[in-house]
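What follows is a set of notes on a single structure, which appears directly below.
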Amino acid sequence: MEVIHIRTTGKSCMIDITGQVREIIAAGGMQNGIAVVFAPHTTAGITINENADPDVRADILMKLGRMVPDEADYRHSEGNSPAHVKALLTGASVSVIVSESRLLLGTWQGIYFCEYDGPRDRKVYVELIERRISHA
Amino acid sequence: MEVIHIRTTGKSCMIDITGQVREIIAAGGMQNGIAVVFAPHTTAGITINENADPDVRADILMKLGRMVPDEADYRHSEGNSPAHVKALLTGASVSVIVSESRLLLGTWQGIYFCEYDGPRDRKVYVELIERRISHA
Amino acid sequence: MEVIHIRTTGKSCMIDITGQVREIIAAGGMQNGIAVVFAPHTTAGITINENADPDVRADILMKLGRMVPDEADYRHSEGNSPAHVKALLTGASVSVIVSESRLLLGTWQGIYFCEYDGPRDRKVYVELIERRISHA
């Protein structure tokens, strides 16, 4: 298991961690299998989305903010209940396929750490699981 | 594959299954790998969220109820379409990392079975997948 | 890694790919493990939901359309920001358990490719990861 360390700089932001995941895959020497990319936090998540136009990330965060607004009637006293809801909607992890030592993303896909209650020091765990059978 | 049996007691609730997942990992004797925790239901899901203040779960279920209200114009005659939408938003499974025989969750993370159309008898499947290569 | 090719026919639709995933599992000869089903696209996703009444899928797509409407103030110039948000909500992949060569879904569960910006030619990647330890 490898760890990526992140310092988020805004209240809500999406940080591209594709490069760090690729480095861990290369260092691990795995040829075929999956990488599980996991956020050990409850007000953040991991997703896969467009890596080209940064306006897409801005639109996603804007829309999530409207879907889960800072309403007045949450019970949780810390005031970050919207971030917990966004974490559920996003998911804590993604599983990506590694084929012939290559991270198999689509052309426009990047792996993003989604911060919903920053700025904070955050971590991402990456575990590589090798395929066993040769079914190809 | 191991099975956790759950009896949900409300229409919507989040039930902590972290302890049962830990027991399955301990009994399995896996040192390094992942555990896939899967709900074989279409009006429920599995998520990871805060294990401390129960108000967080109340806020999450309240907010999901507002995002996916019991509107009058769903087609599906059973009346549980909102539960199916919440199942999509939540996801049917989580993958968690096991490192040196230890379930690698963040300090505030617990694994939850999310019931959206209870009360019902429910099941959770847990499969352990061991890492093969030593990339650490 | 195996590839499923799909031609989506509507702007938004959910296409049942359970049969193709089962065929890949059968051809792979894996007895116990998981299958990771991954969409290499940023305006689509993979989910598990009801396989019986097609009205459930219609309700899900209707409800997602209301949650993420085509508002006027997205920044992204391609006009498909709602599809990117729906991709985040859905998730790019699912992990399903294979037990004694059988795909372990619930009675009412099917695996669906969710198109949010069609019609397009799409792909789904499937990787089989075998369990190593006998923990049962």
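If you read the sequences in order, they're chains G, Z and W. Using this note's numbering, you'd call the opening residue of the first sequence number 8 and step up by one each time. Using this note's numbering, you'd call the opening residue of the second sequence number 8 and step up by one each time. Using this note's numbering, you'd call the opening residue of the third sequence number 8 and step up by one each time. A virtual CB, placed ideally from N, CA and C, is assigned to each residue, including glycine.
Check your understanding: At a Cβ threshold of 8 Å, is R82(Z) touching chain W?
Key -> Within the second sequence, the letter at position 75 stands for residue 82(Z). Chain W, which has a Cβ nearer than 8 Å to the Cβ of R82(Z), makes this yes.
**Study point:** CA-to-CA distance, G35(Z) to A99(Z), given in whole angstroms
**Key:** In the second sequence, the residue the question calls residue 99(Z) occupies position 92. In the second sequence, the residue the question calls residue 35(Z) occupies position 28. In this model, A99(Z) and G35(Z) are separated by some 22 Å (Cα to Cα).
Check your understanding: Taking Cβ-Cβ distances shorter than 8 Å, what residues in chain G pair up with R138(Z)?
Key -> Locating residue 138(Z) in the second sequence gives position 131, counting from the first residue. Chain-order list of chain G residues neighbouring R138(Z): E134, L135, I136, E137, by C-beta distance under 8 Å.
Check your understanding: In terms of residue numbering, what span does the beta strand (DSSP E) encompassing M21(W) cover?
Key -> Your numbering for residue 21(W) matches position 14 in the third sequence. It spans 20-23 - the beta strand (DSSP E) in which M21(W) sits, taken as one unbroken run.
Exercise for review: Report the residues of the segment 38-63 of chain Z with a CB closer than 7 Å to any CB of chain W, ordered along the chain.
Suggested key: Residues of the segment 38-63 of chain Z with a C-beta less than 7 Å from any C-beta of chain W: V43, F45, P47, H48, T49, listed in chain order.
Review point. What's the call for D124(G), buried or exposed, on a 16-neighbour Cβ count within 10 Å?
Key: Taking the first residue of the first sequence as 1, we reach residue 124(G) at position 117. With 16 or more neighbouring CB atoms inside 10 Å of its own CB, D124(G) falls in the buried class.
Exercise for review: If I'm right that R64(G) touches M21(G) with Cβ under 8 Å, what's the distance once you round it to whole angstroms?
Suggested key: Here residue 64(G) corresponds to residue number 57 of the first sequence, with the count starting at 1. Here residue 21(G) corresponds to residue number 14 of the first sequence, with the count starting at 1. About 4 Å separates the beta carbons of R64(G) and M21(G), which is inside the 8 Å limit, making them a contact pair.
Point to revise | G98(W) at chain G interface by Cβ criterion, 8 Å | key: The sequence position of residue 98(W) within the third sequence is 91, counting from 1. Chain G places a beta carbon closer than 8 Å to that of G98(W), counting this residue as a contact.
Check your understanding: To which residues of the same chain is R29(W) closer than 8 Å at the C-beta, ignoring the five residues directly before and after it?
Key -> The count along the third sequence starts at 1 and reaches residue 29(W) at position 22. L110, listed in sequence order.
Review point. Could you give the uninterrupted runs of the alpha helix (DSSP H) lying entirely in the segment 34-79 of chain Z, keeping only those of 4 residues or more?
Key: Assignment of alpha helix (DSSP H) within the segment 34-79 of chain Z, counting only whole runs of 4 or more residues, yields 61-74 in chain order.
Point to revise | Bridge partners - E12(W), DSSP secondary structure assignment | key: Residue mapping note: residue 12(W) aligns to position 5 of the third sequence, counting from 1. A small fix is needed here, since residue 12(W) is His in this sequence, not Glu. Beta-bridge partners assigned by DSSP to H12(W): K130(W).
**Study point:** Beta-carbon proximity list for T97(G), same chain, < 6 Å, skipping 5 on both sides
**Key:** Taking the first sequence and counting its residues from 1, the one referred to as residue 97(G) is at position 90. G52, T54, C121, listed in sequence order.
Exercise for review: Rounded to whole angstroms, what's the CA-CA distance from S4(G) to Y132(W)? Just pull it up for me.
Suggested key: Absent from the structure is residue 4(G), since the part of chain G shown begins at 8 and ends at 143.
Practice item. Starting from the C-beta of Y81(W), find all residues in its chain whose C-beta is less than 6 Å away, skip the five residues before and the five after it, and write them out in chain order. Key: What you label residue 81(W) is simply residue 74 of the third sequence in a count that begins at 1. The beta carbon of Y81(W) is closer than 6 Å to those of S88 in its chain, skipping five residues each way along the sequence.
Check your understanding: For T49(Z), which residues from the same chain have a beta carbon less than 7 Å from its beta carbon, with the 5 sequence-adjacent residues on both sides left out?
Key -> As a position in the second sequence, residue 49(Z) is number 42, starting the count at 1. Excluding residues within five positions, the ones whose Cβ falls inside 7 Å are H91, A94.
Practice item. Taking 8 Å as the cut-off, decide whether the C-beta atoms of I118(G) and V105(G) are in contact. Key: For the purposes of this step, residue 118(G) is identified with residue 111 of the first sequence, where counting begins at 1. For the purposes of this step, residue 105(G) is identified with residue 98 of the first sequence, where counting begins at 1. No, they are not a contact pair.
Exercise for review: Examine chain Z for any beta-carbon lying closer than 8 Å to the beta-carbon of L111(W), and answer yes or no.
Suggested key: Along the third sequence, read from residue 1 onward, the residue named residue 111(W) stands at position 104. Yes, its Cβ sits closer than 8 Å to a Cβ of chain Z.
Review point. DSSP three-state call for H142(Z): helix, strand or coil?
Key: Within the second sequence, residue 142(Z) is the residue found at index 135, counting from 1. Confidence in H142(Z) is poor, its pLDDT being 43 and thus under 50, which makes the residue's placement too unreliable to answer from.
Exercise for review: Kindly indicate which residue of T16(W), M69(W), D128(W), P76(W) has the alpha-carbon position closest to the one of K70(G).
Suggested key: Counting from one through the first sequence, the residue named residue 70(G) turns up at place 63. Residue nearest to K70(G) within the set T16(W), M69(W), D128(W), P76(W) is P76(W) (criterion: CA-CA distance).
Practice item. Keeping to the same chain, check which residues put their C-beta closer than 8 Å to that of N58(Z); ignore five residues upstream and five downstream. Key: Sequence index remark: in the second sequence, residue 58(Z) carries index 51 (1-based). So the list reads D23, T25, W115, Q116, G117, once near-sequence residues are dropped.
Review point. Between V10(G) and chain Z, is there a C-beta pair that is closer than 8 Å?
Key: Translated into positions along the first sequence, residue 10(G) becomes position 3. Taking CB atoms only, V10(G) has no neighbour in chain Z less than 8 Å away.
Point to revise | Closest residue to P47(W) among R129(W), L68(W), G72(W) (Cα-Cα distance) | key: The residue given as residue 47(W) occupies position 40 in the third sequence. The shortest C-alpha separation from P47(W) is found at R129(W).
Exercise for review: Report the three-state DSSP secondary structure of R29(Z) (helix, strand or coil).
Suggested key: Indexing the second sequence from 1 puts residue 29(Z) at position 22. In the structure shown, R29(Z) falls within a helical segment according to DSSP collapsed to helix, strand and coil.
Review point. Is there a Cβ from chain Z that is less than 8 Å from the Cβ of S106(W)?
Key: As a working mapping, residue 106(W) is identified with position 99 in the third sequence. For S106(W), the nearest CB of chain Z lies under 8 Å from its own CB, placing it at the interface with that chain.
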